[in-house]
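Presented below is the structure to which this report refers.
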Amino acid sequence: MKRILFLSIILLSFSCAENYDRYKDVTASEKAYGIIPKPSNLTKNLGVFALDENVVINSSASLENEADYLVGILGVVEELSADDILNNSEGQHLIELKISDEVSEEEGYVLEVGYDKITIKGKTSTGIFYGIETLRQLITKQTVDGEEMFVVPATKIEDAPRFAYRGMMLDTGRYFYDVAFVKQFIDLIALHKMNIFHWHLTEDQGWRIEIKKYPKLTEVGAWRNGTEIGQTPGTESDNKKHGGFYTQEQIKEVIEYAKKKHITIIPEIDMPGHNGAAIASYPFLSCFPEEKTPMNENIISEATKELMANGTKKVVQESWGIKTDVLCAGKESTYTFYENVLSEVIDLFPSEYIHIGGDECRKDNWKRCPNCQKKIADDDLEGENGLQSHFINHMEKFVNSKGKRIIGWDEILEGGLAPNATVMSWRGLTGGIEAAKQGHPVIISPREPCYFDYYQDKNFASEPLAIGGRGPNTVKDVYMFDPLPKELSSNEQKHIWGVQANLWTEYISTPDYAEYMLLPRMTAISEVAWSSPNASEDYQEFLQRLDRFKGIYDKMELNYAKHVFE
Ligand code: ACM
Ligand code: ZN
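The letter at position 243 of the sequence shown is residue 243 when you use the UniProt record's numbering, and the numbering goes up by one with no holes.
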């Protein structure tokens with residue numbers, strides 16, 4: 001390494017003589033300025049910065065991570081390798097990364113590109129990271145004096161996000177996605193200047209996180225013997241065993257990976273509904289441990305039929321939909337179990353927020369469960385909704401006692417909102433509006449248009465199978481969405497923390513298909529989350545920028561949907 005450094009310095013001393021004046025008056029291609037998400041302020045200047053072998057990154061030690069990231073990005077320029085772009089060297093053709101109080105926004109940055117120098121300033125390393133993401137998009141191939149080369153067009157960009165919370169959810173419960181894909185999902189979040197990865201880890205159809213105190217959660221709960229074929233209610237079982245889980249070591253690795261990209265991971269442990277896999281592992285969690293798991297008769301796998309014939313009562317669900325066998329909220333043992341699960345989750349994830357679900361908990365069992373009914377009577381609760389609220393309140397108190405806060409889906413409003421809860425509004429905006437009026441932080445994530453498991457084109461028949469009943473959520477629907485509800489006063493709107501899109505995976509079993517459903521809708525939501533509100537007349541212009549942006553999809557070998565490019 002020392003040797004390379006020495007050689008490069010010699011090289012540099014020759015290159016000092018290189019005259020960059022010839023790049024001063026080069027006009028860059030207009031398209032190269034097409035950044036997504038659209039920056040707050042962009043000035044186009046004359047000249048280009050040539051990405052040649054004399055490029056040197058200069059940054060402080062505190063920005064080593066960002067400098068490394070930039071080296072990786074410049075790797076797309078074939079002539080440049082990490083050995084050429086030495087950090088902290090005194091070079092002539094400089095890319096400088098600098099923490100600066102000239103930038104006032106926490107995640108903001110200023111990127112200045114001249115023919116002889118590039119500077120990225122940020123108040124924080126996060127801002128600088130986003131400046132680097134913008135620089136990545138500016139890199140363009142151009143012919144200068146008959147020579148084809150990579151250049152960056154001269155510009156000054158001042159930029160900062162509209163919303164502090166810019167999230168993407170991946171459902172790894174319905175289908176297990178390996179660590180490699182999870183990291184790729186994180187790469188996409190970073191590419192789009194988004195900052196939250198909401199990791200949906202538990203479902204009726206699979207428990208995906210190792211919990212040391214309760215090993216059966218993954219020994220039993222991470223596996224199912226078959227999966228519904230076709231759109232719900234399905235036709236038959238595929239009779240294929242499916243499953244997998246993340247060890248705590250793997251999760252730490254993913255958290256570190258995300259941290260380098262300035263992304264916080266919010267884990268979701270869904271309760272008290274969506275718990276079929278946990279109940280299969282520990283049947284006492286159900287109101288009725290001796291009752292068989294209610295299943296759709298047509299699509300029970302052969303292996304599960306045999307298990308049940310031999311006396312097994314509780315099994316991991318093999319079909320989609322909202323299930324009745326939920327956690328018993330009337331037994332102390334359920335509360336203790338989930339406190340223990342949450343303790344391990346809290347120890348693992350540095351995030352201040354833990355998502356505890358709260359959605360789609362059917363009350364059928366609670367209505368006939370003596371324990372649940374006794375709890376309602378003893379605590380003078382308002383029926384089953386009161387019990388749900390009691391359950392969430394209890395878990396909130398526990399999470400708060402560990403110095404963390406909860407997020408829940410908008411059902412947590414029913415029966416009364418826990419005092420410190422953040423609400424994720426998914427059944428339209430109503431829940432979000434209500435929570436904001438009550439002064440609670442809100443994440444806007446309505447299924448229309450923020451659910452990316454819905455069809456993205458109205459011609460359903462020509463699309464691969466997706467979830468039915470609603471949609472489509474087209475790229476334009478996503479792009480045109482404004483997360484700030486008009487029903488709120490400007491003061492109430494301050495409770496809107498940000499926006500999130502969700503990839504539920506009932507019908508999405510492969511990385512290829514996941515990419516198809518994500519892109520380019522994720523690119524559209526990134527502009528909703530980062531930039532000023534989008535108007536209809538902006539859409540055509542966005543598509544032009546997207547046409548260039550898809551070059552990055554191609555480089556990353558992503559399987560994106562082509563509708564808007566045809
Ligand atoms: C949800 O879609 N059940 C949050
Ligand atoms: Zn019960």
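For every residue, glycine included, the Cβ atom is placed at its ideal position computed from N, Cα and C.
Any non-hydrogen atom of the ligand ACM closer than 7 Å to residue i Cβ
i, result
"Tyr506", "A small fix is needed here, since residue 506 is Glu in this sequence, not Tyr. No - the ligand ACM has no heavy atom lying nearer than 7 Å to the Cβ of Glu506."
Close-in-space but distant-in-sequence residues of the same chain around residue i (CB under 7 Å, 5 per side omitted)
i, result
"Tyr115", "Tyr20, Tyr23, Lys24, Gly47, Val48, Phe49, Ala154"
"residue 625", "With the chain running from 1 to 566 in the structure shown, residue 625 is simply not present."
"Gly439", "His495"
"residue 606", "This structure does not reach residue 606, given that the chain is present from 1 up to 566, and the question cannot be answered."
"Leu488", "Ile433, Ala436"
"Tyr338", "Met271, Met395"
"Arg470", "Arg447, Glu448, Tyr454"
"Lys331", "Asn371"
"Asn296", "Pro233, Gly234, Ser319"
"Arg368", "none"
The ligand ZN heavy atom lying under 7 Å from the CB of residue i
i, result
"residue 568", "Residue 568 falls outside the range modelled here, since the chain spans only 1 to 566, and no answer is possible."
"Ala329", "yes"
"Cys450", "no"
"Asn275", "no"
"Asn385", "no"
"Asn502", "no"
"Asn420", "no"
"Asn239", "no"
"Asn371", "yes"
Test item: CB-CB of residue i and residue j under 8 Å
i, j, result
"Trp366", "Glu384", "yes"
"Ser389", "Ile265", "no"
"Ile196", "Gln493", "no"
"Lys193", "Ser536", "no"
"Phe398", "Leu348", "no"
"Ile106", "Tyr130", "Sequence check: residue 106 is Glu here, not Ile. Contact: no."
"Asn371", "Ser301", "no"
"Ser29", "Gln142", "yes"
"Arg545", "Val475", "no"
"Lys98", "Lys117", "no"
"Thr247", "Glu219", "no"
"Pro483", "Val528", "yes"
"Thr134", "Ile157", "yes"
"Ser95", "Val144", "Note on residue identity: the sequence assigns Ile, not Ser, to residue 95. Going by C-beta atoms, Ile95 is not nearer than 8 Å to Val144."
"Ile552", "Leu191", "yes"
"Leu285", "Asn275", "yes"
"Glu66", "Ser59", "yes"
"Tyr282", "Ile186", "no"
"Ile189", "Ile128", "no"
"Ile36", "Phe452", "no"
"Ile407", "Ala418", "no"
"Glu411", "Glu318", "no"
"Leu387", "Lys374", "no"
Proximal residues to residue i (C-beta, below 8 Å), its chain only, five neighbours per side dropped
i, result
"Tyr516", "Pro464, Asn559, Tyr560, Ala561"
"Pro472", "Tyr454, Tyr455, Gln456, Asp457, Lys458, Phe460"
"Val77", "Leu51, Ile139, Phe150"
Cβ-based neighbour list, residue i, same chain, cut-off 6 Å, excluding 5 preceding and 5 following
i, result
"Thr304", "Asn225, Val315"
"Phe391", "Pro272, Ala329"
"Pro289", "Pro283"
"Val182", "Val254"
"Glu112", "Thr119, Lys156"
"Asn88", "At Asn88 the pLDDT is 41, less than 50, meaning the model places this residue with poor confidence; the figure from the coordinates comes in the next sentence. Counting only Cβ-Cβ distances below 6 Å, and skipping sequence neighbours, we find nothing."
Mind listing which residues have their beta carbon within less than 6 Å of any non-hydrogen atom of the ligand ACM? Chain order is fine.
-> Asp359, Glu360, Trp409, Trp426
Completely contained alpha helix (DSSP H) runs for the stretch 289 to 321, where each covers 4 or more residues = 302 to 309
Output the residue ranges of the beta strand (DSSP E) runs that lie fully inside the stretch 92 to 123 and measure 3 residues or longer, sorted by chain position.
-> Complete beta strand (DSSP E) runs here, min 3: 93 to 99, 109 to 113, 117 to 122.
Those runs of the beta strand (DSSP E) which lie wholly inside the stretch 367 to 440 and span at least 3 residues | 405 to 409, 422 to 425
Any chance you could list the alpha helix (DSSP H) runs of at least 4 consecutive residues sitting entirely within the stretch 454 to 537, in chain order?
-> Complete alpha helix (DSSP H) runs here, min 4: 475 to 480, 490 to 493, 511 to 518, 521 to 530.
Starting from the N-terminal side, write out each stretch of the alpha helix (DSSP H) that is 4 residues or longer and does not extend beyond the stretch 17 to 74.
-> If you keep only unbroken alpha helix (DSSP H) runs of at least 4 residues inside the stretch 17 to 74, you get 64 to 74.
Which runs of the alpha helix (DSSP H) fall wholly inside the stretch 319 to 358 and span at least 4 residues, in chain order?
-> Fully enclosed alpha helix (DSSP H) runs of 4 or longer: 332 to 348.
Please list the segments of the beta strand (DSSP E) lying wholly inside the stretch 206 to 293, counting only runs of 3 or more residues, in order along the chain.
-> Runs of the beta strand (DSSP E) lying entirely within the stretch 206 to 293 and spanning at least 3 residues, in chain order: 264 to 271.
Let me know the alpha helix (DSSP H) ranges lying completely inside the stretch 121 to 174, each 4 residues or longer, listed in chain order.
-> 125 to 138
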